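Number of protein chains: 2
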Amino acid sequence: MHNKNVVPFITEKSDCGSDHPVCQACEVRACGMCSELNTDTLQELRKITRTKEYKAGEQIFCDEEPTENYATIKSGIVKLSKILPDGRQQTIGLGFPPDFIGRAFKDKNSSFASALTDVTVCTFPRELFNDYLKSTPSLEHKLFELTLNELDSAREWMLMLGRMTALEKVAALLLDFSDRLHKARLLQGLDSEKNNFELLLTRAEISDFLGLTIETVSRQFSTLKQKNLIAIKNQRFIDILDRPALDILAGHENY
Amino acid sequence: MHNKNVVPFITEKSDCGSDHPVCQACEVRACGMCSELNTDTLQELRKITRTKEYKAGEQIFCDEEPTENYATIKSGIVKLSKILPDGRQQTIGLGFPPDFIGRAFKDKNSSFASALTDVTVCTFPRELFNDYLKSTPSLEHKLFELTLNELDSAREWMLMLGRMTALEKVAALLLDFSDRLHKARLLQGLDSEKNNFELLLTRAEISDFLGLTIETVSRQFSTLKQKNLIAIKNQRFIDILDRPALDILAGHENY
DNA sequence: CGGTACTTTGAGAATCGTCAAAGATAGTGG
DNA sequence: CCACTATCTTTGACGATTCTCAAAGTACCG
Chain L
44 MHNKNVVPFI TEKSDCGSDH PVCQACEVRA CGMCSELNTD TLQELRKITR
94 TKEYKAGEQI FCDEEPTENY ATIKSGIVKL SKILPDGRQQ TIGLGFPPDF
144 IGRAFKDKNS SFASALTDVT VCTFPRELFN DYLKSTPSLE HKLFELTLNE
194 LDSAREWMLM LGRMTALEKV AALLLDFSDR LHKARLLQGL DSEKNNFELL
244 LTRAEISDFL GLTIETVSRQ FSTLKQKNLI AIKNQRFIDI LDRPALDILA
294 GHENY
Chain B
44 MHNKNVVPFI TEKSDCGSDH PVCQACEVRA CGMCSELNTD TLQELRKITR
94 TKEYKAGEQI FCDEEPTENY ATIKSGIVKL SKILPDGRQQ TIGLGFPPDF
144 IGRAFKDKNS SFASALTDVT VCTFPRELFN DYLKSTPSLE HKLFELTLNE
194 LDSAREWMLM LGRMTALEKV AALLLDFSDR LHKARLLQGL DSEKNNFELL
244 LTRAEISDFL GLTIETVSRQ FSTLKQKNLI AIKNQRFIDI LDRPALDILA
294 GHENY
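Sequence order for the protein chains is L and B. Number 192 in this note's numbering belongs to position 149 of the first sequence; there are no gaps in the numbering. Number 69 in this note's numbering belongs to position 26 of the second sequence; there are no gaps in the numbering.
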């Protein structure tokens, strides 16, 4: 009733009555865009999806080329960034499972997406998915909610970029990243210690995110260590020693 | 068929067959959220709306209090901002007609909204509107598109906040503001000269937007004047004298 | 063990912020 | 119409933060 417009489906083996094996095994079946779809509707959508994998560092899509595919992140972390004509770069978002990547209803991405870690995504061809979206309100609703969350976090980061000092920015990043990693790990059914995590970003990636230089970021890490708020092993493994102090630095008001 | 859930409508005089007089006269009937609605559906929605006016400077909603109403901007400019516990402030967006203000599906705004100029809005009670939205896909679709535009512009501003110099930021603001004002005036059927406009923001408001101080903003204006890129009359009326040069400063790549 | 890539630290420079004072504008009341 | 005031803007001098450039230190990989 809702998918009249979705015409030239790629035909493929399809089993009825339960999720497609690929969807059954999907890491984000329960929480992603598809969580709003029943088995039959998902069966339909499944026909236009493809699973793709990217190695850390690979580009997923780029600014200039027209969008061919959208995707849902199944595992790994995706970096979204923008770039100025002279090469200055700014990371504008991190995508964790089950985030959606791509710009719905437009044929051009206004940003770059690249794999921060090894990444697995579930892709959909653009045109078909847009049609499908328009005819499947429950799916559009879920995607709308994901988008609202992204807007919330974009605005949170605007406050950070515009008004925080370098030290505060690093504190805010550590807390945000620790929370999001923690959630992502729990979602995968893994054990997770919130105050102890691997920083998957290089200093360069952190500085692109915070609007700082590598050196300034490094100095802030040193300051945080010196103040005994964090400990770092092998430049990558972070221990949060004093979360309340970091919260105050990050402006998380706890009256 | 789509609005079963929308129960306790406020009853009011209603005329059938054409838009309600209030909607007929609405500045944004053709381009706002309601543009996706036919006369009958609009008739329904109209029952829960109220027109409200705010004087320049008045607060429309605030961070802490739970959202009671959503709104569509009919005329004027709305400022959205966030604030750090110690008072540092960052503007995270400007709302022009026909933008939607408020956070759909949540009972808490994570920002402040205030009237930058005198503002007229069309408000809807939160709960009713959320219900209405869920049962009216065309409306949700339109709101989704408005939200995607906001996300695009938030990300554009993240690049600006994180990576541009003070001079570049001011150039980018002037161009953005000139375009948006121009569009808003054309939309109202007014004559509009793109390179000539009234800067409705004070220096303080500009600095909150750009993540700078008043003094720095003022100095950048002086520099732009001195380079003959702009002229300013009465500290408020801007003449763009050299748009290409401003475009380059703002990083608008024109190969 | 040596090479590569990433990180840390230091010194000096540039940008932007802070504090202070003077200039401009708009509104008010005589 | 003209002071008079309040508010906003501009400009200057100085200081703090962050950036740039350079070099040394550390981890990773074959």
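We put the beta carbon where it would ideally sit given N, CA and C, even for glycine. Just so you know, these numbers come straight off a predicted model, no measurement behind them.
Measure the CB-CB distance between residue i and residue j and report whether it falls below 7 angstroms.
{"i": "I283 (chain L)", "j": "I275 (chain L)", "result": "no"}
{"i": "L204 (chain B)", "j": "G205 (chain L)", "result": "yes"}
{"i": "G254 (chain B)", "j": "L127 (chain L)", "result": "no"}
{"i": "V213 (chain B)", "j": "Q263 (chain B)", "result": "yes"}
{"i": "C165 (chain B)", "j": "T115 (chain B)", "result": "yes"}
{"i": "V71 (chain L)", "j": "P140 (chain L)", "result": "yes"}
{"i": "K185 (chain B)", "j": "M76 (chain B)", "result": "yes"}
{"i": "S153 (chain L)", "j": "K122 (chain L)", "result": "no"}
{"i": "M201 (chain L)", "j": "M201 (chain B)", "result": "yes"}
{"i": "S221 (chain B)", "j": "R228 (chain B)", "result": "no"}
{"i": "L182 (chain B)", "j": "L189 (chain B)", "result": "no"}
{"i": "L289 (chain L)", "j": "L243 (chain L)", "result": "no"}
{"i": "A147 (chain L)", "j": "A197 (chain B)", "result": "no"}
{"i": "D161 (chain L)", "j": "G100 (chain L)", "result": "no"}
Whose C-beta lies closer than 6 angstroms to the C-beta of residue i among residues of the same chain, with five residues either side of it excluded?
{"i": "C105 (chain L)", "result": "F155"}
{"i": "H45 (chain L)", "result": "Residue placement at H45 (chain L) is poorly supported in this model, since its pLDDT is 46, which falls under 50; the coordinates still yield a value, given next. Counting only Cβ-Cβ distances below 6 angstroms, and skipping sequence neighbours, we find S178, T179."}
{"i": "F252 (chain L)", "result": "T134"}
{"i": "D285 (chain L)", "result": "L272"}
{"i": "L224 (chain L)", "result": "F240"}
{"i": "F172 (chain L)", "result": "Y113"}
{"i": "F96 (chain B)", "result": "Inspection of the sequence shows that residue 96 (chain B) is occupied by Glu rather than by Phe. Excluding residues within five positions, the ones whose Cβ falls inside 6 angstroms are T163."}
Can you find a CB in chain L that lies within less than 7 angstroms of the CB of residue i?
{"i": "M201 (chain B)", "result": "yes"}
{"i": "L180 (chain B)", "result": "First, the residue type needs correcting, since residue 180 (chain B) is Pro and not Leu in the sequence shown. At least one chain L Cβ lies under 7 angstroms of P180 (chain B)."}
{"i": "Q133 (chain B)", "result": "yes"}
{"i": "A114 (chain B)", "result": "no"}
{"i": "G130 (chain B)", "result": "no"}
{"i": "A197 (chain B)", "result": "yes"}
{"i": "R206 (chain B)", "result": "yes"}
{"i": "S157 (chain B)", "result": "no"}
{"i": "T259 (chain B)", "result": "no"}
{"i": "I281 (chain B)", "result": "no"}
Who are the Cβ neighbours of residue i in its own chain at under 8 angstroms, not counting the five residues just before and after it?
{"i": "E193 (chain B)", "result": "G136, D142"}
{"i": "T256 (chain B)", "result": "S250"}
{"i": "S57 (chain L)", "result": "Unreliable placement is indicated for S57 (chain L), whose pLDDT of 41 sits below 50; the coordinate value is still reported in the next sentence. Closer than 8 angstroms at Cβ, skipping near neighbours: H63, Q86, R89, K90."}
{"i": "T94 (chain L)", "result": "V65, K117, T163, V164, C165, T166"}
For residue i, write down the residues that DSSP places opposite it in a beta bridge.
{"i": "Y97 (chain B)", "result": "B:V162"}
My output table needs one value for residue i: the three-state DSSP class, helix, strand or coil.
{"i": "S196 (chain L)", "result": "helix"}
{"i": "A68 (chain B)", "result": "coil"}
{"i": "S157 (chain L)", "result": "strand"}
{"i": "T190 (chain B)", "result": "helix"}
{"i": "D303 (chain B)", "result": "This structure cannot speak to residue 303 (chain B), because chain B is shown only from 44 to 298."}
{"i": "S118 (chain L)", "result": "strand"}
{"i": "S261 (chain B)", "result": "helix"}
{"i": "F139 (chain B)", "result": "coil"}
Would residue i count as contacting chain B if we go by Cβ distances under 7 angstroms?
{"i": "K232 (chain L)", "result": "Looking at the sequence itself, residue 232 (chain L) is Gly, so the reference to Lys does not match. Not an interface residue."}
{"i": "T92 (chain L)", "result": "no"}
{"i": "V49 (chain L)", "result": "Bear in mind that the predicted position of V49 (chain L) carries a pLDDT of just 39, short of 50, making it too unreliable to give a figure here."}
{"i": "T256 (chain L)", "result": "no"}
{"i": "E296 (chain L)", "result": "yes"}
Leaving out five residues on either side along the sequence, give the residues of the same chain with a beta carbon under 7 angstroms from the beta carbon of residue i.
{"i": "R246 (chain B)", "result": "I257, V260, S261"}
{"i": "L210 (chain L)", "result": "Q263, T266, L292"}
{"i": "P287 (chain L)", "result": "none"}
{"i": "S124 (chain B)", "result": "Q132, Q133, T134, I135, S154, F155, D251"}
{"i": "K237 (chain L)", "result": "S221, H225"}
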